[in-house]
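Residue numbers (my numbering), protein chains in the order written: chain A, 5 to 346; chain B, 17 to 390. Note that the Cβ used here is the ideal one computed from N, Cα and C, for glycine as well. These numbers come from a predicted model, not from an experiment. Here's the structure we're looking at; comments come further down.
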């Protein structure tokens with residue numbers, strides 16, 4: 005999502021600048037974070053379920069929880085995060101120039117971004133992909149039945165290209181109905197200007213809530229593009245890269261082991277060696293990253309495991325009600341998988 | 017020949033003026049001449065009334081009659097009408113941004129002082145206006161900064177990343193207006209100067225800043241600038257935006273002021289010179305007072321444009337009033353209330369801009385010295 009800055013020149017110049025900046029600004033992020041006492045985290049300026057301020061002004065969302073996890077691991081306090089809202093165009097510069105320590109802003113992991121911008125993707129906290137929403141009255145169960153359909157799209161995003169590719173591959177035709185903003189797209193869909201609305205799946209659920217009758221629309225199972233979203237750090241600081249990466253892994257491992265923010269206190273003295281290693285009761289796996297032995301315990305205690313994080317922000321515990329799908333654990337039919345802590 | 021008695025057919029006393037026929041005065045006459053002057057006119061009137069009916073009735077129905085006013089969550093919004101609960105639940109956030117709740121009194125004090133100063137200056141015949149004006153321009157910005165930002169006199173620091181909402185909009189607009197007017201006057205005077213270097217610097221400055229869109233300026237300030245300065249120098253994002261807005265607006269202001277200066281006949285300056293006044297006194301006592309009066313509509317126009325332009329900072333991730341409402345709309349709990357949000361923002365902007373406009377018209381009437389076309 006938000007991949008509408010396909011301007012090679014801009015990327016090239018940013019990359020050039022990044023290369024010159026990265027050499028200068030590779031001081032240990034961990035030390036500077038400890039010194040400042042908070043993690044500077046780049047988030048979006050508002051994306052349902054991923055990062056948005058709640059009524060009290062606290063940032064909430066799946067991307068926000070990644071930052072809270074890092075703060076819990078490093079500083080022992082998940083609330084020690086300073087959120088820097090960034091637009092899609094600012095985000096990489098902010099990271100390159102050192103304005104933020106982690107970019108957790110629904111950023112798709114692509115080869116260009118990973119290799120030419122002086123950045124590293126530390127993992128995937130949400131496997132997204134482009135999908136379709138249709139009115140239930142249409143009686144369509146699969147995207148393969150959409151030949152000749154009028155499709156509402158938001159202009160200027162790769163969504164448009166993916167859509168054209170998918171229909172060409174499947175030898176189908178469609179009639180694009182293009183809008184400028186997502187709100188207009190929803191209104192167009194609601195007014196019957198098109199039969200189908202396409203966007204990234206995480207967005208479709210948010211858009212569905214905006215309909216007058218959300219129950220009348222359904223999201224089709226097909227996903228036609230790969231949009232792995234994850235936190236990003238500066239290249240050249242492997243220690244910080246490891247911290248962000250393993251914070252996420254610790255949460256995924258915790259879900260697999262059945263550790264939650266509620267039961268972690270009781271499980272701290274568990275005899276299961278995997279659990280003991282993760283919570284720091286057996287060995288010190290934080291040391292090599294410059295973290296205290298209880299780093300993973302703090303993350304799980306304060307932010308929860310991956311499943312809790314997912315359900316709270318985008319899943320059944322939220323208004324979005326997105327199914328786990330690809331984001332289920334590998335043991336439950338999804339592809340969320342974390343290497344073991346040992 | 018002596019004057020004879022008035023003939024009996026001539027009345028001796030003046031006849032009182034009769035009131036005009038009832039069909040040529042009053043509401044009915046007004047309606048007849050303005051709305052129902054002929055068949056085509058009548059048709060248009062009826063059609064327009066129908067259009068207004070189509071527009072106004074559902075809007076009122078939605079915004080007032082069917083609307084939900086009380087409550088705290090989405091569940092309190094059941095009716096077909098507007099859900100103002102979204103606004104009331106997040107009103108503090110819309111006004112103060114992410115300013116710590118227990119410290120918002122500091123913002124309130126700044127608002128109050130500012131309102132008092134503006135009122136003092138706006139109401140005619142208040143004493144010591146000159147002193148108050150100087151205080152507003154020279155002292156108030158520092159008080160406001162110390163109160164809002166803190167960091168001295170035992171006040172807790174509230175970084176600019178926590179500023180937002182209406183407060184940020186006002187900070188951007190007031191700083192832009194207060195800084196751009198003097199800069200604009202100086203630039204305009206420089207552009208009309210006989211000194212070649214001063215003149216060319218001013219021309220280049222004005223033409224450069226007028227030639228680039230504000231979005232580009234903000235974008236450069238927020239995205240490119242940090243890449244060019246060393247990592248330790250972390251100039252605040254808000255400060256960068258403020259500098260950008262001020263430089264940009266001062267160029268526009270300069271051209272408005274230059275227009276006013278050109279309208280003052282040369283004879284005025286020459287008369288001043290003949291009296292032995294130097295350049296600055298000539299400008300300050302003779303040219304500017306006349307020119308500024310002529311420029312009121314243009315200056316206020318620029319202010320209003322600036323006030324609305326402040327919402328462009330949302331493209332660099334600063335949460336002004338518009339941006340914070342948009343961010344609120346991304347909260348899954350409040351998805352789908354965008355019309356309420358935007359209507360609220362529009363109302364606030366309209367109130368501010370319309371007040372500025374009315375005040376400028378009042379000033380024009382107050383200062384008009386017979387040059388104005390009636």
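Assign residue i to one of two classes, buried (16 or more other C-beta atoms within 10 Å of its C-beta) or exposed (fewer than that).
{"i": "residue 64 (chain A)", "result": "buried"}
{"i": "residue 52 (chain A)", "result": "buried"}
{"i": "residue 130 (chain A)", "result": "buried"}
{"i": "residue 62 (chain A)", "result": "exposed"}
{"i": "residue 197 (chain B)", "result": "buried"}
{"i": "residue 345 (chain A)", "result": "buried"}
{"i": "residue 377 (chain B)", "result": "exposed"}
{"i": "residue 158 (chain B)", "result": "exposed"}
{"i": "residue 24 (chain B)", "result": "exposed"}
{"i": "residue 43 (chain A)", "result": "buried"}
{"i": "residue 166 (chain A)", "result": "buried"}
{"i": "residue 65 (chain B)", "result": "exposed"}
State the beta-bridge partners of residue i as determined by DSSP.
{"i": "residue 202 (chain A)", "result": "A:136"}
{"i": "residue 45 (chain A)", "result": "A:87, A:106"}
{"i": "residue 179 (chain A)", "result": "A:154"}
{"i": "residue 55 (chain A)", "result": "A:51"}
{"i": "residue 112 (chain A)", "result": "A:233"}
{"i": "residue 336 (chain B)", "result": "B:181"}
{"i": "residue 64 (chain A)", "result": "A:56"}
{"i": "residue 84 (chain B)", "result": "B:99"}
Please look up how many angstroms separate the CB atoms of residue i and residue j, rounded, as I've assumed it's under 8 angstroms.
{"i": "residue 181 (chain B)", "j": "residue 41 (chain B)", "result": "Between residue 41 (chain B) and residue 181 (chain B) the Cβ distance is about 52 angstroms, and since that is not below 8 angstroms, they are no contact."}
{"i": "residue 106 (chain A)", "j": "residue 237 (chain A)", "result": "6 angstroms"}
{"i": "residue 48 (chain A)", "j": "residue 110 (chain A)", "result": "6 angstroms"}
{"i": "residue 302 (chain A)", "j": "residue 76 (chain A)", "result": "4 angstroms"}
{"i": "residue 336 (chain B)", "j": "residue 230 (chain B)", "result": "The pair is not a contact, with the Cβ atoms about 13 angstroms apart (cut-off 8 angstroms)."}
Would you verify that the beta carbon of residue i is, or is not, closer than 7 angstroms to some beta carbon of chain B?
{"i": "residue 53 (chain A)", "result": "yes"}
{"i": "residue 214 (chain A)", "result": "yes"}
{"i": "residue 326 (chain A)", "result": "no"}
{"i": "residue 25 (chain A)", "result": "For residue 25 (chain A), the pLDDT reaches just 45, beneath the cut-off of 50, and the residue's location in the model is therefore unreliable, although a value from the coordinates is still provided. Yes - at least one Cβ of chain B is within 7 angstroms of the one on residue 25 (chain A)."}
{"i": "residue 81 (chain A)", "result": "no"}
{"i": "residue 75 (chain A)", "result": "no"}
{"i": "residue 59 (chain A)", "result": "yes"}
{"i": "residue 30 (chain A)", "result": "Unreliable positioning characterises residue 30 (chain A) in this predicted model, as indicated by a pLDDT of 49, which lies under 50. The coordinate reading is nonetheless provided below. Cβ-Cβ to chain B under 7 angstroms: no for residue 30 (chain A)."}
{"i": "residue 17 (chain A)", "result": "Its pLDDT being 49, under 50, residue 17 (chain A) is placed unreliably in this model, and the value from its coordinates should be taken loosely. By this cut-off, residue 17 (chain A) is not an interface position."}
{"i": "residue 101 (chain A)", "result": "yes"}
{"i": "residue 89 (chain A)", "result": "yes"}
{"i": "residue 49 (chain A)", "result": "yes"}
{"i": "residue 105 (chain A)", "result": "no"}
{"i": "residue 159 (chain A)", "result": "no"}
Leaving out five residues before and five after residue i in sequence, what residues of the same chain have Cβ atoms less than 7 angstroms from its Cβ?
{"i": "residue 392 (chain B)", "result": "Since the first residue shown for chain B is 17 and the last is 390, residue 392 (chain B) is missing from the structure and cannot be characterised."}
{"i": "residue 193 (chain B)", "result": "319, 322"}
{"i": "residue 163 (chain A)", "result": "134, 157, 202, 203"}
{"i": "residue 142 (chain A)", "result": "199"}
{"i": "residue 119 (chain B)", "result": "172, 174"}
{"i": "residue 126 (chain B)", "result": "160, 163, 164"}
{"i": "residue 339 (chain A)", "result": "131, 330"}
{"i": "residue 368 (chain B)", "result": "323"}
{"i": "residue 176 (chain A)", "result": "150, 151"}
Short of 8 angstroms in beta carbon distance, which residues of its chain neighbour residue i, apart from the five on each side in sequence? Order them along the chain.
{"i": "residue 131 (chain B)", "result": "none"}
{"i": "residue 351 (chain B)", "result": "345"}
{"i": "residue 275 (chain B)", "result": "311, 314"}
{"i": "residue 135 (chain B)", "result": "none"}
{"i": "residue 247 (chain A)", "result": "34, 74, 77, 78, 293, 294, 295"}
Give every residue of the same chain whose Cβ lies closer than 6 angstroms to the Cβ of residue i, excluding the five residues on either side of it in the sequence, and list them in chain order.
{"i": "residue 88 (chain B)", "result": "105"}
{"i": "residue 206 (chain B)", "result": "214, 218"}
{"i": "residue 268 (chain A)", "result": "304, 305"}
{"i": "residue 254 (chain A)", "result": "300, 303"}
{"i": "residue 195 (chain B)", "result": "262"}
Is the CB of residue i under 7 angstroms away from at least one CB in chain A?
{"i": "residue 348 (chain B)", "result": "yes"}
{"i": "residue 354 (chain B)", "result": "yes"}
{"i": "residue 74 (chain B)", "result": "no"}
{"i": "residue 109 (chain B)", "result": "yes"}
{"i": "residue 341 (chain B)", "result": "no"}
{"i": "residue 357 (chain B)", "result": "no"}
{"i": "residue 48 (chain B)", "result": "no"}
{"i": "residue 243 (chain B)", "result": "yes"}
{"i": "residue 297 (chain B)", "result": "no"}
{"i": "residue 134 (chain B)", "result": "no"}
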